[in-house]
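Numbering (the numbering used here), first residue to last: 27 to 294.
Note that CB positions come from ideal geometry on N, CA and C, so glycine has one too.
Here it is, written out as structure tokens:
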């Protein structure tokens, strides 16, 4: 593919598409891998749109005061509030949960697509949990979720779609579902589809590898403080540690990765 140019020119990103829809699986995904890009697009008046497919109901919780929420019906609403705070910090004005208007096909009652859960496979990739509930995203009729996403794309008049690669970044079934649905909608509407790549410092990803694999690389350093603030809003899921110029995300399981100051995307 060759090496992509690293750019801070947010007006030009995604080939200048006027309205870009970001499709993410759970609260915090939008900030970890695309937070700087979202903030930058908003700053230059390009009004990025975000849809979140689930509320991360089955995710683990950071040890501490929120730990009692894990496995309870209170976790989903709490993560809704965290996501609302993160969106405000990133200046995202248009956000929807799949299954709720405007991300619901005409004539259907609103519904909640729940987190499908996951477990780690022997190869280090996430695999589907054996006990996904009937309300889980991956157990819903795929055409239903697809029609909901189509309804949203039409309502918001999007010009490009962004989501994960075909393996969902790290294999989570909800991420894989997000990729398939987002790519199908983009192709069905004849819109550009962009895959977000693993951030630098994530397992198996380095700065050079990210630049080499990308069609575009966004330097989000000018918006890093917004990204950090939005990460901190997701307090049940991640912890942010370190100085401003050397900040790490600490995940629930203790895994650490640098906060991405460049974000890479590949056009498909």
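Note the first and the last residue of the continuous alpha helix (DSSP H) segment covering residue i.
i           : result
residue 58  : 55-69
residue 258 : 250-259
Helix, strand or coil: which one does DSSP assign to residue i?
i           : result
residue 118 : coil
residue 94  : helix
residue 147 : coil
residue 77  : strand
residue 112 : helix
residue 245 : strand
residue 42  : helix
residue 152 : strand
residue 133 : coil
residue 106 : helix
residue 164 : helix
residue 140 : strand
Could you tell me the alpha carbon to alpha carbon distance between residue i and residue j, rounded to whole angstroms?
i           : j           : result
residue 191 : residue 49  : 12 Å
residue 98  : residue 255 : 26 Å
residue 55  : residue 247 : 19 Å
residue 176 : residue 83  : 24 Å
residue 194 : residue 201 : 4 Å
residue 123 : residue 102 : 12 Å
residue 276 : residue 152 : 18 Å
residue 297 : residue 36  : Residue 297 is absent from the structure shown; the chain starts at 27 and stops at 294.
residue 213 : residue 57  : 25 Å
residue 104 : residue 281 : 23 Å
residue 289 : residue 75  : 17 Å
residue 250 : residue 112 : 13 Å
residue 181 : residue 269 : 41 Å
residue 65  : residue 253 : 7 Å
residue 67  : residue 34  : 11 Å
residue 162 : residue 241 : 33 Å
residue 43  : residue 187 : 10 Å
residue 224 : residue 264 : 17 Å
residue 41  : residue 95  : 42 Å
What are the start and end residues of the beta strand (DSSP E) that includes residue i?
i           : result
residue 214 : From DSSP, residue 214 is part of no beta strand (DSSP E) but of the alpha helix (DSSP H) over 199-214.
residue 174 : Taken as a continuous stretch (DSSP letters only), residue 174 belongs to no beta strand (DSSP E), being part of the alpha helix (DSSP H) at 168-182.
residue 48  : 46-50
residue 189 : 186-189
residue 99  : Note, residue 99: premise wrong, no beta strand (DSSP E); not H, not E.
residue 83  : No beta strand (DSSP E) contains residue 83, which DSSP labels as neither H nor E.
Using the beta-carbon count (16 or more within 10 Å), is residue i buried or exposed?
i           : result
residue 211 : buried
residue 199 : buried
residue 140 : buried
residue 357 : Only positions 27 to 294 of the chain appear in the structure, and residue 357 is not among them; the question remains open.
residue 257 : buried
residue 119 : exposed
residue 51  : buried
residue 291 : buried
residue 108 : buried
residue 93  : exposed
Per DSSP, what are the beta-bridge partners of residue i in this structure?
i           : result
residue 123 : 78
residue 284 : 274
residue 293 : 220
residue 265 : 276
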